[in-house]
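In our numbering, the protein residues as written are 195 to 566.
Worksheet for the structure shown next.
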Ligand code: CO
Ligand code: CO
């Protein structure tokens, strides 16, 4: 953990950030080993480029600090909101922070925390520190990769257990609920990376479909996009199945998406651009005449967040290096008819991309997995 703070302060120097404020989320957990709920009572970790740290938190959370592997000065406040400002002011005094700018995570920091920070550090402006913080977590060490590997194993086992009991007539919500139960049984952390997507028939044409009361019937595609969490690290997988005889065009797009997925998986190794992975997968779909129906980027980074750097889009010049982890998830979506997506989780190595996910990828008949 001390190493991680050191790595961050070095990056802050490179990014010209005199200080950073973090509220509960993966970055704060990565640095401290502690998890806090994001709630109405603010919890903020402050770090200066000189390596000084201070944590402001509600008094009821102080017990967690005993298990913290590093020493951070803490300032707590009571349930009376009037005591919050003073805790922030005392933290500011300890840091003796006189710079005019403080970096925050644009997708996490809230106006609530900014108000207290603004009071404690008059004349302070805020900067988006996302680029700096992405560098902190983008390369996963062996231990982190092992956790992601386990998150993939758990997710795959959970889906197989769910498919056994699927029957025609079940709703998307029923299947999604079963899958969540199986994820927890298979060993996922209680907080799943995201609510599983389970879509049948025409609903598979919406990449971010929300499970509904739609019932499964012969002739449907069934698409599942799900993941598990293991010790804070995520998997994110998509597989598509058929029930009974489906429209031949849907079979055809299934074969094209499989080829696109494999093209993305074999697009290169450490040293290539993230954009090259997107272009390799996209070329297969475009050449087959469905370029217009592949309506999203090929993938995204994965780790302690379901979507993080590196993002896999056409014009992204970022060079992939060993230990980066990302998804390859091409899809073809035909409105009114159906869609196919095949998503795998990859680790960049010197010689290629290694897939953490190994369930059969092709669009297979659900009957092959059902027990009754
Ligand atoms: Co997904
Ligand atoms: Co994904």
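Even glycine gets a Cβ: it sits at the ideal position worked out from N, Cα and C.
Just so we're clear, the structure is a prediction, and the values are computed from it rather than from any experiment.
Kindly indicate which three-state DSSP category residue i falls into: helix, strand or coil?
i	result
residue 231	coil
residue 369	helix
residue 318	coil
residue 272	coil
residue 266	coil
residue 540	strand
residue 287	helix
residue 507	coil
residue 242	strand
residue 472	helix
residue 435	strand
residue 523	coil
residue 388	coil
residue 547	strand
residue 518	strand
residue 197	helix
residue 252	strand
residue 247	strand
residue 447	helix
residue 295	strand
residue 442	helix
residue 478	helix
residue 497	coil
residue 343	helix
I'd like to know whether the C-beta atoms of residue i and residue j end up nearer to each other than 8 Å.
i	j	result
residue 537	residue 431	yes
residue 266	residue 203	no
residue 492	residue 475	yes
residue 311	residue 291	no
residue 406	residue 367	yes
residue 468	residue 505	yes
residue 237	residue 252	yes
residue 383	residue 429	no
residue 414	residue 437	yes
residue 341	residue 519	no
residue 230	residue 220	no
residue 516	residue 544	yes
residue 434	residue 480	no
residue 550	residue 343	yes
residue 257	residue 295	no
residue 401	residue 525	yes
residue 328	residue 503	yes
residue 313	residue 279	yes
residue 473	residue 508	yes
residue 462	residue 470	yes
residue 494	residue 460	no
residue 306	residue 262	no
residue 212	residue 285	no
Restricting to Cα atoms, I'd like to know which of the options is closest to residue i.
i	options	result
residue 350	544, 543, 539 and 547	539
residue 560	412, 283 and 199	412
residue 488	510, 523 and 333	523
residue 558	520, 281, 447 and 465	447
residue 275	234, 261, 303 and 423	234
residue 348	427, 496, 456 and 541	427
residue 247	230, 496, 214 and 254	214
residue 287	315, 273 and 377	315
residue 224	337, 217, 472 and 198	198
residue 379	548, 322, 353 and 531	353
residue 300	249, 279, 216 and 370	216
residue 452	534, 494 and 375	534
residue 486	462, 521, 421 and 529	529
residue 394	565, 271, 369 and 511	369
residue 388	222, 554, 293 and 497	497
residue 565	361, 336 and 211	361
residue 345	445, 200, 425 and 510	425
residue 546	262, 466 and 556	466
residue 445	391, 375, 556 and 512	556
residue 289	375, 260, 244 and 273	244
residue 377	205, 303 and 419	419
residue 206	255, 326 and 259	326
residue 273	259, 255 and 365	255
residue 222	511, 513, 512 and 499	499
Compare the C-beta of residue i against all C-beta atoms of chain D and say whether one is closer than 8 Å.
i	result
residue 223	Looking at the structure shown, chain D is missing, and only one protein chain is on hand.
Please look up how many angstroms separate the CB atoms of residue i and residue j, rounded, as I've assumed it's under 8 Å.
i	j	result
residue 417	residue 563	Not a contact, Cβ separation roughly 14 Å.
residue 249	residue 268	5 Å
residue 541	residue 339	6 Å
residue 363	residue 409	5 Å
residue 195	residue 264	5 Å
My parser needs the beta strand (DSSP E) runs of 3 or more residues fully inside the stretch 394-428; what are they? Runs of the beta strand (DSSP E) lying entirely within the stretch 394-428, each at least 3 residues long, are 415-420 in chain order.
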